[in-house]
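Visitor: First the structure, then my questions, so here it is.
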Amino acid sequence: MTSRHGLRCGRLAGLLVCSVLAACASPPAPPQAPTLGLTGDSRLEAAPADAPEVQPQDLRWWQRFDDPALADWVERALAGSPDIAVARERAAQARALLRQAGGRRSLQLGAEARLESSSRREAGQRAADLSAALQAEWDLDLWGGLRQAEQSAAATVLRAEDLVQSERLSTAALTARAYVAWREALLDERLLTDAMALQDDVLRLVRVRVQAGLAPTLDAHRAEAEAASLRAEATQALVRVRQTGAALQVLAAQRPAPLDGGDALRLPALSGRLPVVRPLDLLRLRPDLRAAERALTIAAADLGVARADLYPRLRLPGTVTLTSAALGGGVLDIVTATIAAVLDATLVDGGQRRAEVDAAESRLRESLEVYRQTLLQALEQAEAALAAAGGARERERALLQADAAAGAALAQARALYDAGLTGYLDVLDSQRTALEARRRLLVAQADGARQAIATFESMGLIDAGSTP
424 MTSRHGLRCG
434 RLAGLLVCSV
444 LAACASPPAP
454 PQAPTLGLTG
464 DSRLEAAPAD
474 APEVQPQDLR
484 WWQRFDDPAL
494 ADWVERALAG
504 SPDIAVARER
514 AAQARALLRQ
524 AGGRRSLQLG
534 AEARLESSSR
544 REAGQRAADL
554 SAALQAEWDL
564 DLWGGLRQAE
574 QSAAATVLRA
584 EDLVQSERLS
594 TAALTARAYV
604 AWREALLDER
614 LLTDAMALQD
624 DVLRLVRVRV
634 QAGLAPTLDA
644 HRAEAEAASL
654 RAEATQALVR
664 VRQTGAALQV
674 LAAQRPAPLD
684 GGDALRLPAL
694 SGRLPVVRPL
704 DLLRLRPDLR
714 AAERALTIAA
724 ADLGVARADL
734 YPRLRLPGTV
744 TLTSAALGGG
754 VLDIVTATIA
764 AVLDATLVDG
774 GQRRAEVDAA
784 ESRLRESLEV
794 YRQTLLQALE
804 QAEAALAAAG
814 GARERERALL
824 QADAAAGAAL
834 AQARALYDAG
844 LTGYLDVLDS
854 QRTALEARRR
864 LLVAQADGAR
874 QAIATFESMG
884 LIDAGSTP
């Protein structure tokens, strides 16, 4: 009866020990990533009600602009960007560290060979002893620390790959914006050059009228001042052309050199309508949000590693040794095998390991807040980009009307001046109004392209690219 009772107690004790081991080895689950109450029915406030959904071709959105040169510049930047190359190398390093973390969980094997020579002065003999040993060690990972370290490394790989995508998206958007800025500067310089030519014609006409006594000398001075002012603005516009062209080439990993803008200068315009995603889709589309979520997994796994380090480690080392020794003119072979169980435990460390657990818990909470902040910023960027894109379209339509009206007013003022029915001030005012309207329209059209680019970027639309 006593033996059965002892057996039952032993089984209960064993089950209790196993339960404790399992509880200690259970990794801390990463906290649920906050969604801020977003559901599948949630919509962005600035999104038009009839906006189209994202299609696969939108992942290469730079090809949706009616400008092959824009697509070519973006492709060159994606292929040659040093920033993308750096991100890919960091992903390669993360994959190497993942293999290292997995290797720590496997059986460790080592080998050793030794040759010893000894001599006996009395007998005048020399003897050689040869030994070879095979060493093995296995960490049982009772508390899951090694497993958690491998999971942390695996999440780090995924995060590094997400950061590659984030860098690709940023590079594509920066290059597209730089291309728009270069085209805008080219067109602005062309507008000012045309305005200079027109003003030179007006100046010649004013001088003729002054010489004929039909206009005061003051008109000639005003015309000369306007011509000089336009030359100064054209010079500054040419500087912007060179600066924006150099910035575009650097983004495409090219040495800055003079760029030919071509004869058919125009700004890229989006073909079709802007697609819109649902807020919840941002969680899977935006690489920075995916990377922030991976950081939660990494922090939770690192916390598991820190907690496992509080408990003793159990290792199973073993060796097999073969020794050949000369003995009495013969050779004696000896094979020795050993196996042991080693329990490593830190009894007193001044609270270092507990402090590491506290720090890991804080890093986990920090990662949660970083994710929340990243999600809020993503929603704000998407809303702002959509609102700005809609505003740019309305502004462009209004400025098209203003440009047409200013052009008509200038033509009428020139005709009246040529007929001697109005003064030069009316012509000068009409010229300035027409040039300002044309330049404001150019800025609005460039802003429309920039806001379309910003909308694609805010939604995290980028293709997978090539696997490094």
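Our numbering puts the first residue of the sequence shown at 424, with every later residue one more than the last. Where a beta carbon is used, it is the ideal one built from N, C-alpha and C, also for glycine.
1) Check for me: the alpha helix (DSSP H) holding Asp585 runs from which residue to which?
2) Kindly give me the distance between the Cβ atoms of Gln836 and Asp849, rounded to whole angstroms, as I take these residues to be in contact under 8 Å.
3) For Ala669, which option in Ala601, Gly883, Leu557 has the closest C-alpha, if you only look at C-alpha atoms?
4) Less than 7 Å between C-beta atoms, sequence neighbours within five positions excluded: which residues of the same chain meet that for Leu737?
5) Hey, would you say Thr878 sits closer than 8 Å to Leu703, going by beta carbons?
6) Report the three-state DSSP secondary structure of Ala650 (helix, strand or coil).
7) If we ignore side chains and look at the alpha-carbon of each, how far apart do Arg513 and Leu482 end up?
8) Ignoring anything shorter than 4 residues or poking outside the region 799-834, list the alpha helix (DSSP H) runs there in chain order.
9) Using three-state DSSP, classify Ser747 as helix, strand or coil.
10) Based on the DSSP output, what are the partners of Gln558 in its beta bridges?
11) Have a look at the DSSP bridge pairing and note the partners of Phe488.
12) So, helix, strand or coil for Asp781, using DSSP?
13) Comparing alpha-carbon positions, which option in Arg689, Leu671, Leu688, Thr845 lies nearest Pro681?
14) Looking only at its own chain, which residues have a Cβ that is under 6 Å from the Cβ of Ala555, when we skip the five neighbours before and after it?
15) What span of residues does the beta strand (DSSP E) with Asp704 cover, start to end?
16) Between Leu661 and Asp624, what straight-line distance do the alpha-carbon atoms span, to the nearest angstrom?
17) In whole angstroms, what is the alpha-carbon distance linking Trp484 and Leu592?
18) So what's Glu859 in DSSP terms, helix, strand or just coil?
19) Just the Cα atoms here: how many angstroms apart are Ala675 and Leu693?
20) Could you spell out where the alpha helix (DSSP H) holding Val509 opens and where it closes?
21) First and last residue of the beta strand (DSSP E) that includes Leu766?
22) What is the DSSP secondary structure of Leu553, reduced to helix, strand or coil?
23) Measuring CB to CB, does Ala494 end up less than 8 Å from Gln486?
24) Measuring alpha carbon to alpha carbon, tell me which residue in Leu501, Thr594, Ala576 is nearest Glu880.
25) Which one or two residues does DSSP pair with Glu539 in a beta bridge?
26) Under the three-state reduction of DSSP, which class applies to Ile885: helix, strand or coil?
27) My output table needs one value for Thr759: the three-state DSSP class, helix, strand or coil.
28) Gln466 by DSSP, collapsed to three states: which one?
29) If you draw a straight line from the C-alpha of Ser426 to the C-alpha of Asp732, how long is it?
30) Compute the distance between the beta-carbons of Tyr794 and Leu719, then report whether it is under 8 Å.
31) Select from Leu791, Leu864, Arg522, Leu822 the residue whose C-alpha is nearest the C-alpha of Gln455.
32) Leaving aside the five residues before and after Leu597 along the sequence, list all residues of the same chain whose C-beta is less than 7 Å from its C-beta, in chain order.
33) Return the Cβ separation of Val603 and Ala872 in integer angstroms, given the expectation that the two are a contact with Cβ distance under 8 Å.
34) Taking its Cβ as the centre, do 16 or more other Cβ atoms sit within 10 Å of Gly526, making it buried, or is it exposed?
35) In the structure shown, what three-state DSSP assignment does Leu770 receive?
Guide: In short, the structure shows the following:
1) 568-634
2) Gln is not the amino acid found at residue 836; the sequence shown has Ala there. Contact flag correct, Cβ pair sits at about 5 Å.
3) Ala601
4) Leu563, Leu565, Ala764, Leu766
5) Going by C-beta atoms, Thr878 is not nearer than 8 Å to Leu703.
6) The answer is helix: DSSP assigns Ala650 an H, G or I state.
7) Cα to Cα, the separation comes out at about 24 Å.
8) none
9) strand
10) Gly533, Thr742
11) The partner list for Phe488 (beta bridge, DSSP) reads Leu693.
12) helix
13) Ranking Arg689, Leu671, Leu688, Thr845 by CA distance to the CA of Pro681 puts Leu671 first.
14) Ala536, Leu745
15) Boundaries for Asp704: no beta strand (DSSP E) harbours it, and the DSSP string shows neither H nor E there.
16) A direct Cα-to-Cα measurement between Leu661 and Asp624 gives close to 22 Å.
17) 10 Å
18) helix
19) 22 Å
20) Boundaries of the alpha helix (DSSP H) around Val509: 505-527.
21) 765-767
22) strand
23) yes
24) Thr594
25) Asp552
26) It is coil, neither helix nor strand.
27) Looking at Thr759 - three-state DSSP - the assignment turns out to be strand.
28) In the sequence on display, residue 466 carries Arg and not Gln. Looking at Arg466 - three-state DSSP - the assignment turns out to be coil, as it is neither helix nor strand.
29) Residue placement at Ser426 cannot be trusted, given a pLDDT of 45 that sits under 50; the coordinates are not used to answer.
30) yes
31) Leu791
32) Leu674
33) The C-beta distance from Val603 to Ala872 rounds to 5 Å, short enough to meet the 8 Å contact threshold.
34) exposed
35) In the three-state reduction of the DSSP assignment, Leu770 falls in the coil class, being assigned neither a helical nor a strand state.
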